[in-house]
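Colleague: Numbering (the numbering used here), first residue to last: 1 to 214. Cβ coordinates follow ideal geometry from the N, Cα and C atoms, glycine included. Let me begin by handing over the structure; questions about it come next.
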């Protein structure tokens with residue numbers, strides 16, 4: 001289970017998940033706000049993005065980015081292709097999660113913040129999004145859980161993450177069953193650790209506002 005090649009794959013899976021999730025979260029917030037508050041053109045762009053990346057398999061997206069775009073003169077490294085593909089796909093799903101979270105905030109909160117003279121940016125970042133976070137956190141955590149496993153698809157374009165490391169060990173050492181079982185155990189370990197972290201985060205956000213100061 002403790003193998004240099006496998007450990008490098010585990011580390012690659014972790015940082016690839018984190019980086020892609022952070023970028024995807026930024027894209028998700030942007031797409032959600034564009035869809036909810038943009039004009040017709042801006043809203044249509046956001047809807048098309050969400051429709052495209054939610055409606056096609058991420059494996060196809062990764063392959064197109066890495067092997068298809070070079071035919072148009074657009075080239076990315078394996079790592080860049082993985083991050084771009086995972087982030088774009090994740091952003092489309094997070095956009096709907098974030099939009100639902102924003103819509104869950106009582107409209108009276110926005111009306112009250114407008115009444116005291118807050119502009120749109122202040123209302124969004126100081127009033128609405130902090131309250132929407134409670135609704136967003138659980139599905140956001142579940143999405144990261146899925147991201148840890150989705151990175152395995154990057155092995156198709158030769159990204160040396162956990163799955164690819166298992167494939168290499170199986171091919172080099174002819175220990176197919178052992179290699180994939182160990183990889184499965186690593187995925188279970190990563191997901192379990194994240195599950196504990198997620199439960200602590202959710203417990204924190206379940207507290208009433210101001211409870212920490214009381």
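1. Contact between the region 86-99 and the region 5-24 is defined here as three or more beta-carbon pairs at a separation below 8 Å; is this criterion met?
2. List the endpoints of the continuous alpha helix (DSSP H) containing residue 41.
3. Can you give the Cα-Cα distance for residue 178 and residue 63, rounded to whole angstroms?
4. Compare the beta carbon distance of residue 132 and residue 104 with 8 Å and say whether it is the shorter of the two.
5. Can we say the region 110-117 touches the region 177-196, given the rule of at least three CB pairs closer than 8 Å?
6. Does the separation of the CB atoms of residue 80 and residue 137 fall below 8 Å?
7. Which residues in the same chain as residue 43 place their Cβ atom closer than 6 Å to its Cβ, once the five residues preceding and following it in sequence are excluded?
8. Would you decide whether residue 82 is buried or exposed? Buried here means 16 or more other CB atoms lie within 10 Å of its CB.
9. Taking the straight line between their C-alpha atoms, what separation do you get for residue 19 and residue 167?
10. Quick one: complete alpha helix (DSSP H) runs, 4+ long, within the region 57-86?
Modeller: In terms of the structure at hand:
1. Taking a cut-off of 8 Å on C-beta distances, the region 86-99 touches the region 5-24, as three or more cross pairs fall below it.
2. 40-55
3. 28 Å
4. yes
5. no
6. no
7. 35
8. buried
9. One alpha carbon belongs to residue 19, the other to residue 167, and they sit about 24 Å apart.
10. 58-63
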